[in-house]
Amino acid sequence: MDFLQSIDWMQLLRCFVVGGLICIIGQILIDKTKLTSARILVIFVTAGVILGALGIYQHVIDFAGCGATVPLLGFGANLAKGAITEAQTSGLLGAFIGGVKASAGGIAAAIFFGYIASLIAKPKIKKQ
Amino acid sequence: MKKIETKQEYLDYVDKKSPNSPIFKNCFNAFWVGGLICSIGQIIFDFCKYKGMEDTSCSTVVSIVLIGIAALLTSLNIFNKIGKFAGAGSLVPITGFANSIVSPAIEYKSEGYVMGVGGKMFTVAGPVLVYGISTSVIVGIIATFFV
Amino acid sequence: MNKIGKQTIQFSSPPYILETSSIVGPKEAQGPLAKYFDQCLEDEFWGEKTWEKAESKIIKENVNSVIAKSCIPSQNIDYCFAGDLLNQCISSSFGLREINIPFFGIFGACSTFVEGMSLGSIFIDSGAAKNVLCATSSHFCSAEKQFRFPLELGNQRPPTAQWTVTGSGAAILSNTNLDKVCPQVTYITPGKIVDMGVKDANNMGAAMAPAALDTLITHLQDTGRKPSYYDAIITGDLGYVGKEILTEMAETQGYNIKNNYNDCGVLIFDKNAQDTHAGGSGCGCVGSVFSGYFYKKLKEKSINRLLLIATGALMNSTSSQQGESIPGIAHAIAIENLVFGDGGKKQDFGNK
Numbered sequence: 852m853d854f855l856q857s858i859d860w861m862q863l864l865r866c867f868v869v870g871g872l873i874c875i876i877g878q879i880l881i882d883k884t885k886l887t888s889a890r891i892l893v894i895f896v897t898a899g900v901i902l903g904a905l906g907i908y909q910h911v912i913d914f915a916g917c918g919a920t921v922p923l924l925g926f927g928a929n930l931a932k933g934a935i936t937e938a939q940t941s942g943l944l945g946a947f948i949g950g951v952k953a954s955a956g957g958i959a960a961a962i963f964f965g966y967i968a969s970l971i972a973k974p975k976i977k978k979q
Numbered sequence: 240m241k242k243i244e245t246k247q248e249y250l251d252y253v254d255k256k257s258p259n260s261p262i263f264k265n266c267f268n269a270f271w272v273g274g275l276i277c278s279i280g281q282i283i284f285d286f287c288k289y290k291g292m293e294d295t296s297c298s299t300v301v302s303i304v305l306i307g308i309a310a311l312l313t314s315l316n317i318f319n320k321i322g323k324f325a326g327a328g329s330l331v332p333i334t335g336f337a338n339s340i341v342s343p344a345i346e347y348k349s350e351g352y353v354m355g356v357g358g359k360m361f362t363v364a365g366p367v368l369v370y371g372i373s374t375s376v377i378v379g380i381i382a383t384f385f386v
Numbered sequence: 011m012n013k014i015g016k017q018t019i020q021f022s023s024p025p026y027i028l029e030t031s032s033i034v035g036p037k038e039a040q041g042p043l044a045k046y047f048d049q050c051l052e053d054e055f056w057g058e059k060t061w062e063k064a065e066s067k068i069i070k071e072n073v074n075s076v077i078a079k080s081c082i083p084s085q086n087i088d089y090c091f092a093g094d095l096l097n098q099c100i101s102s103s104f105g106l107r108e109i110n111i112p113f114f115g116i117f118g119a120c121s122t123f124v125e126g127m128s129l130g131s132i133f134i135d136s137g138a139a140k141n142v143l144c145a146t147s148s149h150f151c152s153a154e155k156q157f158r159f160p161l162e163l164g165n166q167r168p169p170t171a172q173w174t175v176t177g178s179g180a181a182i183l184s185n186t187n188l189d190k191v192c193p194q195v196t197y198i199t200p201g202k203i204v205d206m207g208v209k210d211a212n213n214m215g216a217a218m219a220p221a222a223l224d225t226l227i228t229h230l231q232d233t234g235r236k237p238s239y240y241d242a243i244i245t246g247d248l249g250y251v252g253k254e255i256l257t258e259m260a261e262t263q264g265y266n267i268k269n270n271y272n273d274c275g276v277l278i279f280d281k282n283a284q285d286t287h288a289g290g291s292g293c294g295c296v297g298s299v300f301s302g303y304f305y306k307k308l309k310e311k312s313i314n315r316l317l318l319i320a321t322g323a324l325m326n327s328t329s330s331q332q333g334e335s336i337p338g339i340a341h342a343i344a345i346e347n348l349v350f351g352d353g354g355k356k357q358d359f360g361n362k
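Residue numbers (my numbering), protein chains in the order written: chain X, 852 to 979; chain D, 240 to 386; chain E, 11 to 362.
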């Protein structure tokens with residue numbers, strides 16, 4: 852298949868390593884600080900917005916692709932990128948619209964799938 | 240062991256007595272599961288690109304597909320097992336965000352579809368949106384006036 | 011009945027524990043004590059639609075079971091003391107709303123079972139009641155939902171976390187033994203609230219251990235007994251971490267409890283096979299382990315003198331979020347076989 856031949860394996864390796872390293876940072880935060888998962892997610896998304904706004908995170912994205920965009924840091928960076936781009940084209944209004952517009956797909960998907968899941972699934976006990 | 244007199248002495252003693260999380264094992268699992276989730280994302284991204292989509296659309300498709308998979312695994316009661324094994328490996332990628340929205344939606348179904356599912360859906364993930372979006376608005380405002 | 015020492019009550023005619031009953035969930039049924047419980051459930055819902063309804067059903071069925079086992083008609087039971095972990099104790103009040111026995115809803119977190127037995131014993135020895143029913147319950151799923159996170163959330167439990175027991179314990183206390191050989195409640199030592207500043211809600215054992223220590227030492231001082239007087243000193247759900255802390259801290263105070271001390275949270279699960287981290291917890295833990303395991307041991311006389319210290323962490327999710335530390339409490343109850351063998355010879359249980 853042509854698609855398989857077109858995969859850049861070095862790119863995939865960089866994605867794997869960088870994505871994994873970002874998760875290790877999260878794991879150290881969980882084990883060393885006893886923060887709840889909600890707080891970890893907040894820290895990551897806020898850090899992503901700030902790193903994205905400062906332009907630092909774009910370098911990581913250029914290097915690692917989805918290894919940088921899939922973790923929540925990337926979600927944050929995407930919010931920042933959207934807000935800045937929109938602000939520059941349509942001013943103050945854009946500052947409010949841009950961030951959510953750029954990540955609207957993810958947010959809407961999470962809400963929609965969450966609702967669908969609640970229709971079909973039943974709570975179950977953890978078996979571990 | 241000497242007698243414990245103050246609260247501080249007790250807290251130090253408790254710290255010493257409480258078993259620590261197996262951090263190296265946890266980090267190793269977080270690394271490879273997290274890396275794997277990102278790599279799946281990368282393959283989806285490459286595929287969209289191969290089909291001739293724009294970069295930003297490709298990223299959105301990656302998010303939606305990963306969120307969909309996480310939602311499905313959550314409703315099949317599989318995601319919590321992955322999460323227990325991988326810790327931050329499944330929490331930090333967008334899958335963790337999806338899981339934190341889907342899991343209260345299922346859990347609070349018993350309190351009804353409006354206040355239960357609708358109201359409690361954001362108990363865990365709400366803060367992520369609040370802080371993420373608020374910070375992005377601040378960033379946007381700064382960009383409007385100072386850049 | 012009179013008060014001795016700082017805070018202990020000695021009963022003049024010690025109430026009998028006439029009968030007990032226990033129901034546990036499927037996970038507990040895979041644990042080491044499975045064969046001692048009266049009933050083991052196959053699933054956590056037990057045919058109900060919500061966790062809360064399931065928990066109410068567990069306490070309701072368990073109370074029905076203990077009444078049936080005791081052969082005392084329910085109209086002869088004067089009062090009922092019950093409690094659980096859910097907000098406003100809804101499991102107990104919803105579960106027992108059709109029982110037609112005057113009801114006291116009590117809350118002492120995981121110490122509720124012994125709190126109820128203590129109050130029941132006072133009612134009986136004072137003559138206010140002839141038969142009293144005490145019951146508690148807890149449910150892993152309803153407790154997780156209320157105190158922690160949704161069950162489907164993919165988070166990791168730290169090694170100090172305890173596992174809330176799905177189960178219920180119930181006991182009937184009486185002023186007569188109906189010609190059966192029954193263990194009796196000789197002393198109670200209600201505990202003080204002790205807060206040593208532990209804030210980690212995933213380390214309840216450490217938060218409650220100082221309260222257990224305070225109650226244990228006060229009980230021994232008030233009664234003039236040594237730890238070795240008891241065949242078993244049992245705390246209700248300090249878990250592995252709290253158990254070790256209590257053992258060590260008691261030693262620094264000059265009390266050696268290494269030989270006869272254990273903990274319900276440690277006993278109910280197999281830590282390695284069941285991955286329950288620091289052990290069991292919850293109102294149902296001490297309730298079901300006493301009703302299921304220790305009561306049978308007392309009846310068959312392999313244990314004759316038991317000191318049961320139930321511990322509770324008096325916090326909720328709001329107090330945790332506001333950064334408050336966790337106050338602990340521990341109530342002790344001394345349960346002894348005073349009548350030995352068929353001769354009906356009464357042992358002198360008074361202290362010097």
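Ideal Cβ positions, reconstructed from N, Cα and C, are used throughout, including at glycine.
Interface partners of residue i on chain X, CB under 7 Å
i        : result
D/THR245 : Going along chain X, no residue has its Cβ under 7 Å from D/THR245, so there is no contact; the nearest lies around 22 Å.
E/ASP210 : LYS885
Contacts of residue i in chain X (Cβ-Cβ under 8 Å)
i        : result
D/LEU305 : VAL921
E/GLN166 : ILE881
D/GLU350 : Here the premise fails: no neighbours, minimum Cβ distance about 11 Å.
D/GLY358 : Going along chain X, no residue has its Cβ under 8 Å from D/GLY358, so there is no contact; the nearest lies around 12 Å.
Residues near residue i in its chain [Cβ-Cβ closer than 8 Å; skip 5 each side]
i        : result
E/ALA61  : Rather than Ala, the amino acid found at residue 61 of chain E in this sequence is Trp. GLU54, PHE55, HIS149, CYS151, SER152, LYS155, listed in sequence order.
D/ILE276 : LEU305, GLY328, SER329, PRO332, THR334
X/ALA959 : none
E/LEU51  : ILE33, VAL34, GLY35, PRO36, ALA39, ILE68, THR176
E/ILE116 : PHE91, ALA92, GLY93, CYS99, THR122, GLU125, GLY126, LEU129
E/LEU230 : LYS236, PRO237, TYR265
Residues that DSSP places opposite residue i in a beta bridge
i        : result
E/GLN194 : E/TYR26, E/GLU346
X/VAL951 : In the DSSP output, where bridge partners are listed per residue, X/VAL951 has none listed.
E/HIS341 : E/ALA320
E/THR199 : E/ALA342
E/LEU183 : E/ILE27, E/VAL142
E/ILE19  : E/LYS13, E/ILE198
E/ILE33  : E/GLN49, E/SER178
Nearest-angstrom Cβ-Cβ length linking residue i and residue j, presumed shorter than 8 Å
i        : j        : result
E/ASP280 : E/GLN172 : So it is not a contact: roughly 15 Å between Cβ atoms.
E/CYS196 : E/PHE21  : According to the sequence as given, residue 196 of chain E is Thr; it is not Cys. At roughly 6 Å, the Cβ-Cβ gap stays under 8 Å, so E/THR196 and E/PHE21 are in contact.
X/SER969 : D/ALA344 : 4 Å
E/VAL276 : E/LYS306 : About 18 Å separates the two Cβ atoms, so there is no contact after all.
D/ILE303 : X/ILE962 : Rounded, the Cβ-Cβ distance is 12 Å, inconsistent with contact.
E/SER335 : E/VAL208 : 6 Å
D/SER296 : D/CYS287 : 7 Å
E/ILE339 : E/LEU324 : 6 Å
E/PRO25  : E/ASN185 : 6 Å
E/ALA288 : E/VAL251 : 5 Å
D/ALA364 : X/PHE964 : Not confirmed; about 12 Å, so no contact.
E/GLY294 : E/SER147 : 5 Å
Interface residues of chain E facing residue i [CB-CB closer than 9 Å]
i        : result
D/PRO366 : Neighbours of D/PRO366 on chain E: none; closest Cβ ~12 Å, over 9 Å.
D/LEU275 : Going along chain E, no residue has its Cβ under 9 Å from D/LEU275, so there is no contact; the nearest lies around 15 Å.
X/SER996 : Given a span of 852 to 979 for chain X in the structure shown, any question on residue 996 of chain X remains unanswerable.
Within chain D, the residues that residue i reaches when beta carbons sit closer than 7 Å
i        : result
X/GLY906 : Here the premise fails: no neighbours, minimum Cβ distance about 11 Å.
X/VAL911 : In chain order: nothing, as chain D lies at least about 12 Å away.
X/LEU863 : SER278, GLN281
X/LEU930 : GLY371, ILE372, SER375
Residues of its chain near residue i, where Cβ-Cβ distance is below 6 Å and the 5 sequence neighbours each way are ignored
i        : result
E/ALA211 : SER330
X/GLY906 : none
X/ALA931 : VAL900, GLY903, ALA904
E/PRO337 : ILE203, ASP205, LEU324
E/LYS355 : Note that E/LYS355 scores a pLDDT of 41, beneath 50, so its modelled location is shaky; the value from the coordinates is reported in the next line. For E/LYS355, where only same-chain residues beyond five positions count, there are no Cβ hits under 6 Å.
X/GLN979 : Interpretation of X/GLN979 is limited by its pLDDT of 45, a score under 50 that renders its predicted location unreliable; the figure taken from the coordinates is listed afterwards. Around X/GLN979: no qualifying Cβ.
D/LEU312 : PHE318
Proximal residues to residue i (C-beta, below 7 Å), its chain only, five neighbours per side dropped
i        : result
X/GLY899 : TYR908, LEU923, LEU924, GLY925, PHE926, GLY927, ALA928
E/GLN85  : none
E/GLY360 : Caution is warranted here: a pLDDT of 41 is assigned to E/GLY360, below 50, making its placement in the model unreliable, and the coordinate value is therefore given only provisionally. Here the set comprises nothing.
Contacts of residue i in chain D (Cβ-Cβ under 9 Å)
i        : result
X/PHE914 : Within 9 Å Cβ-Cβ: nothing; X/PHE914 doesn't reach chain D, min ~12 Å.
Proximal chain E residues relative to residue i, where beta-carbon distance stays under 8 Å
i        : result
X/LYS975 : LEU161, GLU162
Beta-carbon neighbours of residue i, restricted to chain D and to distances below 8 Å
i        : result
X/THR897 : TYR370, GLY371, THR374
Contact between the region 856-870 of chain X and the region 917-930 of chain X (3+ Cβ pairs under 8 Å): Yes: the two stretches touch, three or more of their Cβ pairs being nearer than 8 Å.
- prompt: Does the region 68-83 of chain E come within contact of the region 201-208 of chain E, defined as at least 3 CB pairs closer than 8 Å?
  reply: As far as the Cβ criterion goes, the region 68-83 of chain E does not touch the region 201-208 of chain E, which means the pair count is below three.
- request: Count the CB pairs spanning the region 100-116 of chain E and the region 293-313 of chain D that are closer than 8 Å, and state whether there are at least three.
  value: Result no; under three Cβ-Cβ pairs closer than 8 Å.
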